[in-house]
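Novice: Sending over a structure as structure tokens; questions will come in a sec.
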Amino acid sequence: MSSIPKTLRYSKTHEWVRKEDDGYTIGITDHAQSMLGDLVYIELPELEGHYENGQECAVVESVKAAADVYCPIAGEVFEINEAIIDNPQLVNEDPYGKGWLFKVRTFDGDMKDLLKPDEYTQQVASEAH
Amino acid sequence: MIIFEHSRKNRSARAQQPSESVENFDLPASMLRQDKPLLPEVSEMDAVRHYTRLSRKNFSIDTHFYPLGSCTMKYNPRGINRISQFHGFLGHHPLSLDENSQGFMVCAYELQEIIKAVTGMHSVSLTPMAGAQGELAGVAMIRAYHQERGDTARDEILVPDAAHGTNPASAVQCGFKVREIPSNAEGDVDLAALKAAVGPRTAGIMLTNPSTLGVFDRNIQEIAKTVHQAGGLLYYDGANLNAILGKVRPGDMGFDVIHLNLHKTFATPHGGGGPGCGPVAASARVAPYLPVPMVAKLGEHYHWLTQKECPRSIGRLSTFMGNAGIILRAHMYARLLGREGLKRVSEYATLNANYLLARLKAAGFTPAYPTRLATHEFIITLKSEAKTLHINALDVAKRLLDYGFHAPTMYFPLLVPECLLIEPTETESKETLDAFADAMIQILKEAETQPELLKKAPHTLPVKRLDEVKAARELDLVYKPKNHAASNSDAPMESPLLHASDGG
Amino acid sequence: MPFIPHTEEDVHAMLATIGAASIEDLFAEIPKELRQVDLSAVPAGISEMELFRLMHDRAKLNNSLRCFIGAGAYEHHIPGAVWEVATRGEFMTAYTPYQAEASQGSLQLMYEFQTMMASLMGLDVSNASLYDGASGLAEALLMAMRLVHGKSGQSTEPVILLPKALHPHYREVARAIVGTHAVKLVEVDYDAKTGRTTIPHLEKAAPEAHILVIPQPNFFGVLEDVDALTDWAKQKKMLVIGVVNPLAMALLKPPGQWGKTGADLACGEGQPLGIPLSCGGPYYGFLCCKQEYIRQMPGRIVGRTKDLDGKEGFVLTLQAREQHIRRAKATSNICTNQGLMVIASTIHMSLLGPNGLRKVAMVAHNRAKALLDLLRTVPGVELVFSAPYFHEFVLRLPRSVESVLQDLIKRHIQGGYNLQPAYPELGECLLVCATETKQQNDLEAYLKALKEVLS
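Protein chains in written order, with numbering that gives the first Met the number 0: chain A, 0 to 128; chain B, 0 to 503; chain C, 0 to 454.
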């Protein structure tokens, strides 16, 4: 059973978003990390890079897969989580906490197009074989 | 032990070095290397023993049944290997004049003609060095065809979701966008989805038939019509040709350009991952774009066709003419089998696959497409065993190694969960197939009573299950001896002049 | 029936288990009209004995004679042990090592190969081979393009400088494979006197470029000033790719030591290390790079790790970059490589060792020099380029090279490679190579024949 915190919002492509005072923190969900398996490498977005909604901005790599991370909220990246570069397993162990990926400052976006926790729960359930 | 651990300073296979001295060496010292590269310094006996021992850690067709789906691990004829080492072939320079190279060229020409006949295509180029390069050539030819006609809006290649990864990778390499078409529950391409996807942007579709799902797509003629009507071309991935060799021809199915995998269908040795050979063949309208060089015949004389004679060719893909030695081997295989033998390949490959499928079905395994006949291969899915017994395809595969069988292809195609793609090939006997089926049955029993045997398998090989995560997280890709400073060693090279009078 | 073990009883028993009446019934799902195949154009099968005879006769037609052709494929002594061991069934008929536990032999060997190649190139890492030298360069160019694009996220077309002194077939293949991408391939002229690619030529060809390819030796056998070229490129923040003869790297400064910073990538044709000429293939391409670029490296890579018991073992690693996982976004479409050739080459390098390979390179060069000294005594024969060379050189002849080569063949000499078609500006020029396999009597035979032909 993957964990889906009620305080966050989600994208269809398994990213989570948390509203902060200075912007939004983004990561990949518990479901995503368990599907990928032990992560071995993370390619984070460029600092000060501008990404559109749904644009590929990062890659998370495990032994059996390399998955694109799609930016769930259009904006400018102002912080990346350096800790996971040398310790990618943080994303597996604590995907919503220490395993965050990057933070964006948005131009005009907000969370209204994102999935609510119960909507995301439904999506995960429908994807299961 | 790693070979470098056997090294002793200045030890070498002296007899293998030229014996003359090298005094008065005239290249300026500033151009010479000052350090010693990290190469083994061992005797000939050490090297032979080390590599012979390493070889004995491998599974191979010569030692084990190797039912890898889509790989066609059939017997690699030893007589062919022997002949390919005749000095006339082995010692021959690729840039020798044509009149000096007729022996190789007649063989290459004959293979071109045989491939034309068994595939029903107009022309053949033998130069691509593997299936993936053949695909690259084929897709590039499709691109050239449309561009020459001014049809530049066609930027999409359609690929079934079950396709081998090289298909979309090759399409992207040629600058195309890839559009996936789903397969239906029976394993055929979803015709409705295909019809919705074709249009003025369709450059072509990449298919294999039988598909990677191990079944023959019965709608192939309808698929061909649909794509052709939309103005696209059909590309055939010949990886599964063993299923239909001599029985069905891709040209008759409507394909415009195809590639073959000689290292699969034509029994050339797999060599631990290569070399392969991926000839590409085309219909008349796409033939002008074939890669060069190709062999042509004038009277009784053979000569090379290059870019000069084929100005619309997509160009050269190899320094010389591709994997010539593999071309020679495949040619010999085709001559040994002849027309009756080539047909027998697909007949007995299909017989063996259906027999093994029947035995596994009877034992309770679940075929992925239970209503379909097997072609030269079939898929079983361990989805329900995964739920009830908590073992998966990987566990079964690893346990098979303990039973002395190389595992079938696992987790490909990606569509079928917990799958094993099994291809016995025509060169295996009924006893071998029975032994394999019996091993699978035994393993299933173990899964119920002693699942640890599977989970921790293999137990009897030179190593136990390997930590792939560690390998990817802590990259160790080159050996670093403790007293050697990585790649730029401090250990100086002996000056060449010191050995002026030395025999070695 | 060659290689098919089934007896009639076997077939009956198997059909009974399947529940089919005949083998033909197993093809029932295939539309009948597709199953009408006429194979009369294919010859009937022959026995192995007949095949031996046929191929024996054909091998004789391929006259090897005395061969002084180089031009990208070189004749060297290969110890008998190399192919005796490499063609063991366990090596030759093994598959790609996807089941690592059942392939430790191949995997460990590839790890050793990677170590040897990386060190020979003076760089940090190597892959486990590509198809051949020319397509290997194409992959190196694609890799360099990815690196250049990644650096500044730049959207302008990368500009690649390709010396004309680079093998003409390598340039053709680069155009065929890389040309389908958004890129500008710029050819750079060479100095007519020295045969080298110089900085003024580079500056003239493209004031702004991103990638420089440096051949060493170049196609003419001439040795480039690799330090000056590398420093020039690095000062302009370009990526440098060395295309080298790996045997020569046992003797000469390798790409990782060029200039102040070293080249970034090194690639080339592995054939001189234990692979016979064999009509042009199979050979293998090698590709090495600095550590920081490893994730953009195409092809298979082997890594060392541990098993469940803590024992050392080897696996394919970084596979997520490859086609079977990443599919459309893979670093390359390559799947099969040149595994068997790598096995042979690794054994060859182990037998010769660093000293042996260096000796081979030196003796080969001395042979070429001795041949050059002899041939220059023939009136009308001139050495074209003045720069230092390695085991190969260019001669200008007083007559059509094509006709000279025909006449030399009649005297059992394959004189070299005619440069006129690829380099018409050079006139009647011949590329001649001699390696350690040529003895004094071979050189004298060439001299005698050439004298006769040109008299």
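For glycine and all other residues, C-beta sits at the position ideal for the given N, C-alpha and C. Note that this is a predicted model, so its numbers are computed, not measured.
#1: Using a Cβ-Cβ cut-off of less than 9 Å, give me the residues of the region 92-105 of chain C that come near chain B, in sequence order.
#2: Excluding five sequence neighbours on each side, which residues of the same chain lie with their C-beta closer than 7 Å to the C-beta of Ala139/C?
#3: For Leu370/C, which of helix, strand or coil comes out of DSSP?
#4: What does Lys310/C reach in chain B if we use C-beta pairs closer than 8 Å?
#5: Indicate whether at least one CB of chain C lies closer than 8 Å to the CB of Ala46/B.
#6: Have a look at Gly280/C and Tyr73/C and give me their C-alpha separation to the nearest angstrom.
#7: Quick one: is Asn244/C near chain E, going by C-beta distance under 8 Å?
#8: Just reading off the beta strand (DSSP E) that Thr24/A is part of, what are its end residues?
#9: Give a yes or no on whether 8 Å exceeds the smallest Cβ distance from Gly337/B to chain C.
#10: If I follow the unbroken beta strand (DSSP E) through Gln438/C, where does it start and stop?
#11: Grab me the residues of Gly18/C's own chain with a C-beta within less than 7 Å of its C-beta, minus the 5 sequence neighbours each way, in chain order.
#12: Using a Cβ cut-off of 7 Å, pull out every chain A residue sitting near Arg178/B, in sequence order please.
#13: In the DSSP assignment, the alpha helix (DSSP H) including Lys386/B goes from what residue to what residue?
#14: From which residue to which residue does the beta strand (DSSP E) around Arg315/B run?
#15: What residues of chain A sit near Val171/B, judged by a beta carbon separation below 9 Å?
#16: Does DSSP put Ala395/C in a helix, a strand or coil?
#17: Cβ of Gln32/A versus every heavy atom of the ligand PLP: is any distance shorter than 7 Å?
#18: Starting from Tyr69/A, find everything on chain B with Cβ-Cβ shorter than 9 Å and list it in chain order.
#19: Taking all protein chains shown into account, do 16 or more other C-beta atoms lie within 10 angstroms of the C-beta of Asn23/B, making it buried, or fewer, making it exposed?
#20: Which of the three DSSP states is assigned to Leu307/C in this structure?
#21: Would you please verify whether the beta carbon of Glu384/B is less than 8 Å from any beta carbon of chain A?
#22: Less than 8 Å between CB atoms is the rule here; does Glu60/A satisfy it with respect to chain C?
#23: Below 8 Å on the Cβ atoms is my contact criterion, and I expect Pro214/C with Leu165/C to pass it. Report the Cβ-Cβ distance as a whole number of Å.
#24: Determine, for Thr179/C, whether the minimum Cβ-Cβ distance to residues of chain B falls below 8 Å.
#25: Kindly indicate which three-state DSSP category Asp501/B falls into: helix, strand or coil?
#26: Please return the same chain residues whose Cβ sits closer than 8 Å to the Cβ of Leu432/B, not counting the five positions on each side in sequence.
#27: So is Ile240/C in contact with chain B if we call contact Cβ pairs under 8 Å?
#28: Quick check: what's the CA-CA separation for Pro159/B versus Val415/B?
#29: With distances taken between CB atoms, is the gap from Arg357/C to Leu250/C smaller than 8 Å?
#30: What residue does the alpha helix (DSSP H) around His227/B start on, and which one ends it?
#31: Helix, strand or coil: how does DSSP classify Ala490/B here?
#32: Is it the case that the region 224-243 of chain B contacts the region 32-51 of chain B, given that we only count it when at least three CB pairs across the two stretches are under 8 Å?
#33: May I have a chain-ordered list of the alpha helix (DSSP H) segments no shorter than 4 residues that lie completely inside the region 62-117 of chain C?
#34: For a test of the three-state rule: what should DSSP assign to Trp303/B, helix, strand or coil?
#35: Can you pull the DSSP bridge partners for Asn457/C?
#36: Compute the distance between the beta-carbons of Thr316/C and Asp466/B, then report whether it is under 8 Å.
Specialist: According to the structure shown:
#1: Thr92, Ala93, Tyr94, Thr95, Pro96, Tyr97, Gln98, Ala99, Glu100, Ala101, Ser102, Gln103, Gly104, Ser105
#2: Ile240, Leu264, Cys266, Leu286
#3: helix
#4: Listed by position along chain B, the residues whose Cβ is nearer than 8 Å to that of Lys310/C are Val462, Lys463.
#5: yes
#6: 12 Å
#7: This model lacks chain E altogether, as its protein chains are A, B and C.
#8: Its beta strand (DSSP E) spans residues 23-27.
#9: yes
#10: Unbroken run through Gln438/C: none, as it is neither H nor E.
#11: none
#12: Ordered by position in chain A, no residue passes the 7 Å Cβ test against Arg178/B, which lies about 17 Å from the chain.
#13: 382-388
#14: No beta strand (DSSP E) contains Arg315/B, which DSSP labels as neither H nor E.
#15: Near Val171/B there are no residues of chain A at all, since even the closest Cβ is about 14 Å away, more than 9 Å.
#16: Before going further, note that residue 395/C is Arg rather than Ala in the sequence given. In this structure, Arg395/C counts as strand in the three-state DSSP scheme.
#17: Looking for the ligand PLP in the displayed structure turns up nothing, as the structure carries no ligands at all.
#18: Within chain B, no residue comes near Tyr69/A; the closest Cβ sits about 17 Å away, beyond 9 Å.
#19: exposed
#20: Coil, per DSSP.
#21: No, no contact with chain A.
#22: True, the Cβ-Cβ gap to chain C drops below 8 Å.
#23: 5 Å
#24: Yes, its Cβ sits closer than 8 Å to a Cβ of chain B.
#25: Residue confidence is low: Asp501/B scores 33 on pLDDT, short of 50, so the model does not pin down where it sits. Its coordinate-derived value is still stated next. Note: Asp501/B maps to coil in three-state DSSP.
#26: Taken in chain order, the residues that qualify are Asn351, Tyr354, Leu355, Arg358, Pro423.
#27: Taking Cβ atoms only, chain B never reaches closer than 8 Å to Ile240/C, which makes this a no.
#28: Cα to Cα, the separation comes out at about 14 Å.
#29: yes
#30: 219-228
#31: In this prediction, Ala490/B has a pLDDT of 44, which is less than 50 and means its spatial position is unreliable; what the coordinates show is noted afterwards. DSSP places Ala490/B in coil when its eight states are reduced to three.
#32: no
#33: Taking only runs of at least 4 residues, the alpha helix (DSSP H) segments lying wholly in the region 62-117 of chain C are 79-85, 88-91.
#34: strand
#35: For chain C, the structure presents residues 0 to 454; residue 457/C sits outside this window and is missing.
#36: no
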